[in-house]
């Protein structure tokens, strides 16, 4: 009988390490879902108003980068940041295809973002899970704990993984 367990990521405090292990489990499922996809099946929307699989992959990275680097680490978003391949990929669904990104390129991009996340998390300890991080959007200030942010990132990626799997069926991949 197969046994499944979730162990904390080595080199990270145990509580944070469990969240990171959950993030990695979902990431591996995303990698498996998109590896080898190419052309229209990857970079074009399956139907009018949809996002492409590739844009969703990059959006997963964008969200992780924004939450971890801008909110947790306190990085101020710059014009240079806005030029990153993953930035605002969902703003114009038709434009993504014109960029010519491959699945491997997109997976590399989100892989690099994950390395940044891991490096940041390695500097924190389990007491930081309850630390409150705040940001302002459209005149409203939001506050959330690091624990909530890590949970949100797992949930966010899992939801988009479901979209990606549905879109694969729609495009016949």
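Residue numbers (this note's numbering): 1 to 173.
Every residue, glycine too, gets a C-beta built ideally from N, C-alpha and C.
What you are looking at is a predicted structure, and each value in this text was computed from that prediction instead of being measured.
- About 22 Å separates the CB atoms of residue 74 and residue 110; that is not less than 8 Å, and the two are not in contact.
- Within its own chain, the residues whose Cβ lies closer than 6 Å to the Cβ of residue 68, once the five positions on either side in sequence are excluded, are 117 and 120, listed in chain order.
- Residue 53 sits away from residue 122, with the two beta carbons spaced by 8 Å or more.
- Going by beta carbons, residue 164 and residue 34 fall inside the 8 Å limit.
- By the C-beta density criterion, residue 114 is buried, having at least 16 other C-beta atoms within 10 angstroms.
- In the structure shown, residue 52 falls within a coil segment according to DSSP collapsed to helix, strand and coil.
- Residues of the same chain with a CB within less than 6 Å of the CB of residue 147, apart from the 5 flanking positions on each side, are 129 in chain order.
- Note that the segment 44 to 51 touches the segment 78 to 98; at least 3 beta-carbon pairs, one per stretch, sit closer than 8 Å.
- For residue 19, the uninterrupted alpha helix (DSSP H) run begins and ends at 14 to 34, by DSSP.
- Here the C-alpha atom of residue 127 lies approximately 27 Å from the C-alpha atom of residue 140.
- In this model, residue 15 and residue 125 are separated by some 8 Å (Cα to Cα).
- Taken through DSSP and simplified to helix, strand or coil, residue 5 comes out as coil.
- Scanning its chain for C-beta atoms nearer than 6 Å, with the 5 sequence neighbours on each side dropped, one finds around residue 9 the residues 17, 20 and 21, in chain order.
- In this structure, the straight-line span from the alpha carbon of residue 131 to that of residue 154 is close to 18 Å.
- In the displayed model, residue 82 falls within a helix according to three-state DSSP.
- In the three-state scheme derived from DSSP, where H, G and I count as helix and E and B as strand, residue 143 is classed as strand.
- A check of alpha carbon separations from residue 56 across 85, 7 and 172 identifies 85 as the nearest.
- For residue 171, the three-state secondary structure derived from DSSP is helix.
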